[in-house]
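Take the position in the sequence shown, starting the count at 1, then add 799; the result is the number in my numbering. Idealized CB from N, CA, C, for every residue including glycine.
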Amino acid sequence: MSFDLLTMGRISVDIYPNDVGRTLDRVESFGKYLGGSPSNVAVAAARHGDRTAVVTRTGQDPFGEYLHRELAKFGVDDRFVSGVEGLQTPATFCAILPEEQQFPLYFYGRFPTAPDLQIAAEELDVDAIRDARVFWSTVTGLCQEPSASAHIAAHEARPRTGLRDGQYTVLDLDYRPMFWESVDEARTQVAKVLPHVTVAIGNDEECAVAVGEGTPDEQADRLLDAGVEIAVVKLGPEGVMAKTRNERVVSAPVPVETLNGLGAGDSFGGAFVHGLLAGWPLAQTLDFANAAGALVASRLSCADAMPTTDEVVSLLAERGRLVPETEASA
(Lines of atoms letter the chains of each structure in order from A and count residues from 1; the text may use other names and numbers.)
(Lines give C-alpha, C1' and ligand atoms only; values in the text may rest on other atoms or scores of the structure.)
Protein backbone atom coordinates (compact mmCIF):
# COMPACT_ATOMS: atom_id res chain seq x y z
CA MET A 1 0.00 0.00 0.00
CA SER A 2 1.40 3.38 -0.98
CA PHE A 3 1.32 6.22 1.53
CA ASP A 4 -0.68 9.39 1.14
CA LEU A 5 2.26 11.27 2.66
CA LEU A 6 5.83 10.18 3.22
CA THR A 7 8.06 12.70 4.99
CA MET A 8 11.81 12.57 5.49
CA GLY A 9 14.20 14.24 7.92
CA ARG A 10 14.36 15.56 11.43
CA ILE A 11 12.94 13.97 14.56
CA SER A 12 13.57 14.82 18.20
CA VAL A 13 12.10 14.97 21.66
CA ASP A 14 10.66 18.42 22.31
CA ILE A 15 11.07 19.52 25.93
CA TYR A 16 8.57 22.28 26.63
CA PRO A 17 8.13 24.10 29.95
CA ASN A 18 4.98 23.68 31.95
CA ASP A 19 5.74 27.14 33.36
CA VAL A 20 4.62 29.35 30.51
CA GLY A 21 6.03 32.86 30.53
CA ARG A 22 9.28 32.01 32.28
CA THR A 23 12.77 31.91 30.83
CA LEU A 24 14.37 28.47 30.92
CA ASP A 25 16.55 29.28 33.92
CA ARG A 26 13.37 29.87 35.95
CA VAL A 27 11.30 26.93 34.69
CA GLU A 28 10.64 24.28 37.33
CA SER A 29 9.01 21.48 35.31
CA PHE A 30 8.82 20.34 31.71
CA GLY A 31 6.80 18.02 29.50
CA LYS A 32 8.18 15.95 26.64
CA TYR A 33 6.65 15.59 23.19
CA LEU A 34 7.46 14.22 19.76
CA GLY A 35 9.16 16.91 17.66
CA GLY A 36 11.05 17.60 14.46
CA SER A 37 9.36 19.36 11.56
CA PRO A 38 8.96 16.49 9.03
CA SER A 39 7.75 14.19 11.80
CA ASN A 40 5.24 16.79 12.99
CA VAL A 41 3.95 17.23 9.43
CA ALA A 42 3.32 13.48 9.21
CA VAL A 43 1.41 13.64 12.50
CA ALA A 44 -0.59 16.65 11.29
CA ALA A 45 -1.71 14.89 8.11
CA ALA A 46 -2.49 11.70 10.02
CA ARG A 47 -4.87 13.72 12.20
CA HIS A 48 -6.83 14.46 9.03
CA GLY A 49 -7.08 10.75 8.23
CA ASP A 50 -4.23 10.43 5.74
CA ARG A 51 -1.91 7.41 5.63
CA THR A 52 1.48 8.76 6.64
CA ALA A 53 5.01 7.56 7.36
CA VAL A 54 8.34 9.20 8.13
CA VAL A 55 11.88 8.32 7.04
CA THR A 56 14.22 9.21 9.89
CA ARG A 57 16.64 7.85 12.50
CA THR A 58 16.89 8.05 16.28
CA GLY A 59 19.41 7.05 18.89
CA GLN A 60 19.21 3.54 20.30
CA ASP A 61 18.09 4.83 23.67
CA PRO A 62 14.93 5.35 25.76
CA PHE A 63 14.12 8.61 23.97
CA GLY A 64 14.29 6.76 20.65
CA GLU A 65 11.86 4.15 21.99
CA TYR A 66 9.60 6.95 23.17
CA LEU A 67 9.49 8.48 19.67
CA HIS A 68 8.52 5.13 18.13
CA ARG A 69 5.63 4.87 20.60
CA GLU A 70 4.53 8.43 19.90
CA LEU A 71 4.53 7.91 16.14
CA ALA A 72 2.40 4.79 16.60
CA LYS A 73 0.06 6.69 18.93
CA PHE A 74 -0.53 9.33 16.28
CA GLY A 75 -1.03 6.79 13.51
CA VAL A 76 2.25 7.46 11.70
CA ASP A 77 3.94 4.37 10.25
CA ASP A 78 7.44 3.97 11.75
CA ARG A 79 8.77 1.18 9.52
CA PHE A 80 11.37 3.57 8.03
CA VAL A 81 12.63 4.78 11.43
CA SER A 82 15.88 3.09 12.46
CA GLY A 83 18.38 3.48 15.28
CA VAL A 84 21.95 4.73 15.05
CA GLU A 85 24.47 3.10 17.35
CA GLY A 86 26.61 5.54 19.33
CA LEU A 87 24.42 8.64 18.88
CA GLN A 88 21.80 9.95 21.25
CA THR A 89 18.29 10.98 20.26
CA PRO A 90 18.29 14.80 20.11
CA ALA A 91 16.27 16.92 22.50
CA THR A 92 15.02 20.41 21.74
CA PHE A 93 14.26 22.79 24.58
CA CYS A 94 12.00 25.79 24.09
CA ALA A 95 11.13 28.78 26.24
CA ILE A 96 7.51 29.86 25.84
CA LEU A 97 7.15 33.61 26.29
CA PRO A 98 3.79 34.49 24.70
CA GLU A 99 3.64 38.06 25.97
CA GLU A 100 6.90 38.84 24.17
CA GLN A 101 5.95 36.58 21.24
CA GLN A 102 9.30 34.85 21.70
CA PHE A 103 9.83 31.08 21.54
CA PRO A 104 13.60 30.53 21.43
CA LEU A 105 14.84 27.03 20.61
CA TYR A 106 17.88 25.31 22.08
CA PHE A 107 19.08 22.21 20.23
CA TYR A 108 20.86 19.47 22.19
CA GLY A 109 22.39 16.36 20.66
CA ARG A 110 22.53 17.77 17.12
CA PHE A 111 26.17 18.89 17.04
CA PRO A 112 28.41 17.81 15.44
CA THR A 113 25.73 15.48 14.05
CA ALA A 114 22.44 13.78 14.87
CA PRO A 115 20.90 10.38 14.08
CA ASP A 116 18.47 11.83 11.52
CA LEU A 117 21.44 13.27 9.62
CA GLN A 118 22.76 9.72 9.23
CA ILE A 119 20.04 8.65 6.79
CA ALA A 120 21.93 6.99 3.93
CA ALA A 121 20.89 6.78 0.29
CA GLU A 122 21.49 3.02 0.07
CA GLU A 123 19.04 2.43 2.93
CA LEU A 124 16.09 4.18 1.30
CA ASP A 125 12.99 2.32 0.19
CA VAL A 126 12.96 3.93 -3.23
CA ASP A 127 9.69 2.24 -4.23
CA ALA A 128 7.87 3.71 -1.22
CA ILE A 129 9.27 7.16 -2.00
CA ARG A 130 8.34 6.89 -5.67
CA ASP A 131 4.82 5.61 -4.97
CA ALA A 132 3.82 8.04 -2.20
CA ARG A 133 1.11 10.46 -3.25
CA VAL A 134 3.05 13.24 -1.52
CA PHE A 135 6.73 13.21 -0.62
CA TRP A 136 7.81 15.93 1.83
CA SER A 137 11.33 16.95 2.79
CA THR A 138 13.01 20.01 4.27
CA VAL A 139 16.06 22.08 3.46
CA THR A 140 17.55 21.16 6.85
CA GLY A 141 17.95 17.59 5.64
CA LEU A 142 20.44 18.87 3.06
CA CYS A 143 22.81 20.45 5.58
CA GLN A 144 25.11 17.47 6.19
CA GLU A 145 26.20 14.13 4.77
CA PRO A 146 25.08 11.40 4.41
CA SER A 147 21.60 12.94 4.82
CA ALA A 148 22.13 15.40 1.96
CA SER A 149 22.93 12.66 -0.56
CA ALA A 150 20.01 10.60 0.71
CA HIS A 151 17.61 13.51 0.22
CA ILE A 152 18.94 14.14 -3.28
CA ALA A 153 18.56 10.44 -4.13
CA ALA A 154 15.00 10.46 -2.81
CA HIS A 155 14.09 13.42 -5.02
CA GLU A 156 15.80 11.88 -8.03
CA ALA A 157 13.66 8.76 -7.50
CA ARG A 158 10.54 10.79 -8.32
CA PRO A 159 11.33 13.24 -11.13
CA ARG A 160 8.58 15.69 -12.05
CA THR A 161 8.08 14.02 -15.41
CA GLY A 162 7.47 10.68 -13.68
CA LEU A 163 4.75 11.85 -11.30
CA ARG A 164 1.20 10.63 -11.76
CA ASP A 165 -1.84 12.90 -11.57
CA GLY A 166 -2.41 13.73 -7.92
CA GLN A 167 1.21 13.19 -6.91
CA TYR A 168 3.20 16.05 -5.39
CA THR A 169 6.77 16.57 -4.21
CA VAL A 170 6.98 19.21 -1.49
CA LEU A 171 10.07 21.06 -0.29
CA ASP A 172 9.74 22.90 3.01
CA LEU A 173 12.29 25.68 2.65
CA ASP A 174 12.84 25.51 6.46
CA TYR A 175 16.18 27.34 6.71
CA ARG A 176 17.83 27.24 10.15
CA PRO A 177 21.14 29.13 10.06
CA MET A 178 22.72 27.25 12.97
CA PHE A 179 22.88 24.11 10.79
CA TRP A 180 24.72 25.78 7.89
CA GLU A 181 28.12 27.33 7.28
CA SER A 182 26.61 29.96 4.98
CA VAL A 183 23.53 30.99 3.03
CA ASP A 184 25.41 30.26 -0.19
CA GLU A 185 25.96 26.66 0.88
CA ALA A 186 22.26 26.24 1.59
CA ARG A 187 21.29 27.82 -1.73
CA THR A 188 23.64 25.46 -3.59
CA GLN A 189 22.03 22.44 -1.94
CA VAL A 190 18.50 23.68 -2.60
CA ALA A 191 19.38 24.05 -6.28
CA LYS A 192 20.12 20.32 -6.43
CA VAL A 193 16.60 19.26 -5.45
CA LEU A 194 14.46 22.16 -6.69
CA PRO A 195 14.24 20.69 -10.23
CA HIS A 196 12.24 17.78 -8.77
CA VAL A 197 9.92 19.86 -6.57
CA THR A 198 6.29 20.63 -7.44
CA VAL A 199 5.32 22.53 -4.25
CA ALA A 200 7.65 24.86 -2.31
CA ILE A 201 6.69 26.41 1.03
CA GLY A 202 8.57 29.07 2.96
CA ASN A 203 8.59 32.52 4.52
CA ASP A 204 10.40 35.49 2.96
CA GLU A 205 13.77 34.68 4.58
CA GLU A 206 13.56 31.04 3.53
CA CYS A 207 12.53 31.95 -0.01
CA ALA A 208 15.45 34.40 -0.15
CA VAL A 209 17.83 31.56 0.68
CA ALA A 210 16.34 29.46 -2.11
CA VAL A 211 15.86 32.02 -4.89
CA GLY A 212 17.15 35.39 -3.65
CA GLU A 213 15.76 38.54 -2.09
CA GLY A 214 12.65 40.17 -3.47
CA THR A 215 8.98 40.80 -2.90
CA PRO A 216 6.80 37.77 -2.11
CA ASP A 217 5.47 37.83 -5.67
CA GLU A 218 8.97 38.02 -7.14
CA GLN A 219 10.10 35.10 -5.00
CA ALA A 220 7.05 33.06 -5.91
CA ASP A 221 7.62 33.81 -9.60
CA ARG A 222 11.24 32.64 -9.34
CA LEU A 223 10.11 29.40 -7.77
CA LEU A 224 7.58 28.94 -10.57
CA ASP A 225 10.28 29.73 -13.13
CA ALA A 226 12.34 26.94 -11.56
CA GLY A 227 9.52 24.53 -12.38
CA VAL A 228 7.58 24.51 -9.12
CA GLU A 229 3.83 24.23 -9.72
CA ILE A 230 2.63 25.81 -6.46
CA ALA A 231 4.72 28.39 -4.61
CA VAL A 232 3.54 29.15 -1.06
CA VAL A 233 5.04 32.25 0.55
CA LYS A 234 4.16 33.05 4.16
CA LEU A 235 3.53 36.76 4.65
CA GLY A 236 3.78 37.02 8.44
CA PRO A 237 1.08 39.33 9.82
CA GLU A 238 -0.45 39.62 6.33
CA GLY A 239 -1.27 35.91 6.07
CA VAL A 240 -0.01 33.55 3.38
CA MET A 241 0.03 33.56 -0.42
CA ALA A 242 -0.08 30.67 -2.86
CA LYS A 243 0.71 31.18 -6.51
CA THR A 244 0.58 29.02 -9.63
CA ARG A 245 1.17 29.96 -13.25
CA ASN A 246 -2.47 31.05 -13.59
CA GLU A 247 -3.72 31.72 -10.06
CA ARG A 248 -2.78 33.87 -7.07
CA VAL A 249 -4.59 33.54 -3.77
CA VAL A 250 -3.98 35.09 -0.35
CA SER A 251 -5.36 33.81 2.94
CA ALA A 252 -5.63 36.51 5.58
CA PRO A 253 -4.49 35.69 9.12
CA VAL A 254 -6.83 33.71 11.36
CA PRO A 255 -6.58 35.63 14.65
CA VAL A 256 -6.02 33.54 17.79
CA GLU A 257 -4.42 34.15 21.15
CA THR A 258 -0.94 32.73 20.57
CA LEU A 259 0.39 30.51 23.32
CA ASN A 260 3.26 28.83 21.44
CA GLY A 261 4.22 29.92 17.93
CA LEU A 262 6.20 26.73 17.29
CA GLY A 263 4.48 23.93 15.41
CA ALA A 264 2.05 26.18 13.56
CA GLY A 265 4.02 25.80 10.33
CA ASP A 266 4.01 22.01 10.63
CA SER A 267 0.25 22.00 11.22
CA PHE A 268 -0.09 24.26 8.18
CA GLY A 269 1.99 21.79 6.16
CA GLY A 270 0.02 18.70 7.11
CA ALA A 271 -3.27 20.48 6.44
CA PHE A 272 -2.04 21.83 3.11
CA VAL A 273 -1.08 18.30 2.09
CA HIS A 274 -4.53 17.07 3.10
CA GLY A 275 -6.14 19.70 0.90
CA LEU A 276 -3.96 18.69 -2.04
CA LEU A 277 -4.86 15.05 -1.55
CA ALA A 278 -8.55 15.90 -1.27
CA GLY A 279 -8.45 17.91 -4.50
CA TRP A 280 -9.82 21.08 -2.94
CA PRO A 281 -9.50 24.42 -4.76
CA LEU A 282 -6.27 26.21 -3.91
CA ALA A 283 -7.99 29.04 -2.02
CA GLN A 284 -9.85 26.59 0.22
CA THR A 285 -6.73 24.50 0.79
CA LEU A 286 -4.82 27.62 1.79
CA ASP A 287 -7.51 28.82 4.20
CA PHE A 288 -7.78 25.34 5.73
CA ALA A 289 -4.01 25.15 6.26
CA ASN A 290 -3.91 28.68 7.66
CA ALA A 291 -6.60 27.85 10.21
CA ALA A 292 -4.87 24.59 11.16
CA GLY A 293 -1.69 26.52 11.87
CA ALA A 294 -3.56 29.06 13.96
CA LEU A 295 -5.09 26.34 16.12
CA VAL A 296 -1.68 24.92 17.00
CA ALA A 297 -0.32 28.39 17.76
CA SER A 298 -3.05 28.69 20.38
CA ARG A 299 -1.93 25.47 22.10
CA LEU A 300 1.12 24.46 24.14
CA SER A 301 2.70 21.55 22.26
CA CYS A 302 3.26 20.70 18.61
CA ALA A 303 2.55 17.08 17.68
CA ASP A 304 0.01 16.62 20.49
CA ALA A 305 -1.72 19.85 19.46
CA MET A 306 -2.37 18.96 15.82
CA PRO A 307 -6.07 19.51 15.09
CA THR A 308 -8.60 17.21 13.47
CA THR A 309 -10.39 18.17 10.27
CA ASP A 310 -13.56 18.91 12.22
CA GLU A 311 -11.72 21.32 14.52
CA VAL A 312 -10.30 23.24 11.57
CA VAL A 313 -13.63 23.37 9.75
CA SER A 314 -15.33 24.61 12.93
CA LEU A 315 -12.81 27.44 13.29
CA LEU A 316 -13.23 28.42 9.65
CA ALA A 317 -17.01 28.46 9.96
CA GLU A 318 -16.82 30.43 13.22
CA ARG A 319 -14.68 33.08 11.54
CA GLY A 320 -16.77 33.23 8.38
CA ARG A 321 -13.94 31.86 6.25
CA LEU A 322 -13.85 29.47 3.30
CA VAL A 323 -14.91 25.96 4.27
CA PRO A 324 -13.64 23.08 2.10
CA GLU A 325 -16.12 21.61 -0.32
CA THR A 326 -15.40 18.13 1.00
CA GLU A 327 -15.49 17.93 4.77
CA ALA A 328 -13.67 14.68 5.54
CA SER A 329 -13.77 14.23 9.30
CA ALA A 330 -10.81 12.66 11.05
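Check: Check each candidate in Pro911, Val1095, Pro945 and name the one with the smallest Cα separation from Ala1063.; Outcome: Val1095
Check: In whole angstroms, what is the alpha-carbon distance linking Leu1114 and Ala845?; Outcome: 19 Å
Check: Quick check: the region 801-815 against the region 835-850, are at least 3 beta-carbon pairs closer than 8 Å?; Outcome: yes
Check: For the 8 Å Cβ check, are there 3 or more pairs between the region 940-958 and the region 892-910?; Outcome: no
Check: When we look at the beta-carbon of Ser1066 and count the other beta-carbons within 10 Å, is it buried (16 or more) or exposed?; Outcome: buried
Check: Within the region 901-928, note down every full beta strand (DSSP E) run reaching 3 residues or more, in order along the chain.; Outcome: 904-907
Check: In terms of alpha-carbon separation, which member of Val880, Trp1079, Val842 lies closest to Arg856?; Outcome: Val880
Check: I want to know whether the region 965-975 touches the region 934-946 - three or more CB-CB distances under 8 Å.; Outcome: yes
Check: Select from Gly1060, Ala1051, Leu1081, Glu1056 the residue whose C-alpha is nearest the C-alpha of Gly1119.; Outcome: Ala1051
Check: Which of the three DSSP states is assigned to Cys1006 in this structure?; Outcome: helix
Check: Helix, strand or coil for Gly1035? Go by DSSP, reduced to three states.; Outcome: helix
Check: At what residues does the alpha helix (DSSP H) containing Pro1015 begin and finish?; Outcome: 1015-1024
Check: What are the boundary residues of the alpha helix (DSSP H) that Gly1078 is part of?; Outcome: Run containing Gly1078: none; DSSP gives neither H nor E here.
Check: Name the DSSP bridge partner or partners of Val996?; Outcome: Val996 pairs with nothing; no bridge assigned.
Check: Roughly how many whole angstroms lie between the Cα atoms of Gln917 and Gly830?; Outcome: 27 Å
Check: Pick helix, strand or coil for Pro816, following the three-state DSSP scheme.; Outcome: strand
Check: Tell me which residue opens and which closes the beta strand (DSSP E) that Tyr967 is part of.; Outcome: 967-971
Check: Residues in the same chain with beta-carbon distance under 7 Å from Ala985, minus the five sequence neighbours each way, listed in chain order, please.; Outcome: Val938, Tyr974, Trp979, Val1008
Check: Less than 8 Å separating the beta-carbons of Pro976 and Ala894?; Outcome: no
Check: Can you pull the DSSP bridge partners for Ser946?; Outcome: In DSSP, Ser946 forms no bridge with anything.
Check: By how many angstroms is the C-alpha of Arg809 removed from the C-alpha of His954?; Outcome: 17 Å
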